[in-house]
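Numbering (this note's numbering), first residue to last: 6 to 145.
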């Protein structure tokens, strides 16, 4: 009798394929809903700038908070309404609430922060607090 070496990844691959086949064609969206909040943050000498692409989000459904060095961005995409008498056959557009929190190692001047929301892109500029700005010390 020929002995075959056990390949544990083959079993995992079979299980993965079985799960894919089971949930792939039932018409339900992925469990996560496909809703993600990707952020771009960059720093200059005087400020920290946050950008986030938020397609389909209304300006009034966006929240940006900064407390105890934790920056939190939240947004809610409303579920699209169907026309009267229409029946949904497939729903892949993500909807719901998404939140992202990050620790920011700077002190920020929240009083002078400014935000804009144009063409589905959120941009918030947080000036650094004076004590957090780079300082050069002259040696005498």
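Yeah, the Cβ is synthetic: ideal placement off N, Cα and C, and Gly gets one too.
Worksheet item: So, are the CB atoms of residue 54 and residue 126 less than 8 Å apart?
Response: Going by C-beta atoms, residue 54 is not nearer than 8 Å to residue 126.
Discussion item. So, with DSSP's three-state summary, where would you put residue 105?
Written reply: Correct three-state label for residue 105: strand.
Item to complete: Have a look at 133, 143 and 141 and flag the residue whose alpha-carbon is nearest the alpha-carbon of residue 49.
Response: Taking only the C-alpha atoms, the option nearest residue 49 is 133.
Fill in: Minimum C-alpha distance to residue 78 - residue among 19, 108 and 144
Out of 19, 108 and 144, 108 has the C-alpha closest to the C-alpha of residue 78.
Worksheet item: Would DSSP call residue 40 helix, strand or coil?
Response: Of the three classes helix, strand and coil, the one that applies to residue 40 here is coil, per DSSP.
Discussion item. So, under 8 Å CB-CB, residue 43 and residue 57 are touching, yes? Tell me the CB distance rounded to an integer number of Å.
Written reply: Between residue 57 and residue 43 the Cβ distance is about 7 Å, and since that is below 8 Å, they are a contact.
Worksheet entry | Where residue 99 falls: helix, strand or coil (DSSP) | In this structure, residue 99 counts as coil in the three-state DSSP scheme.
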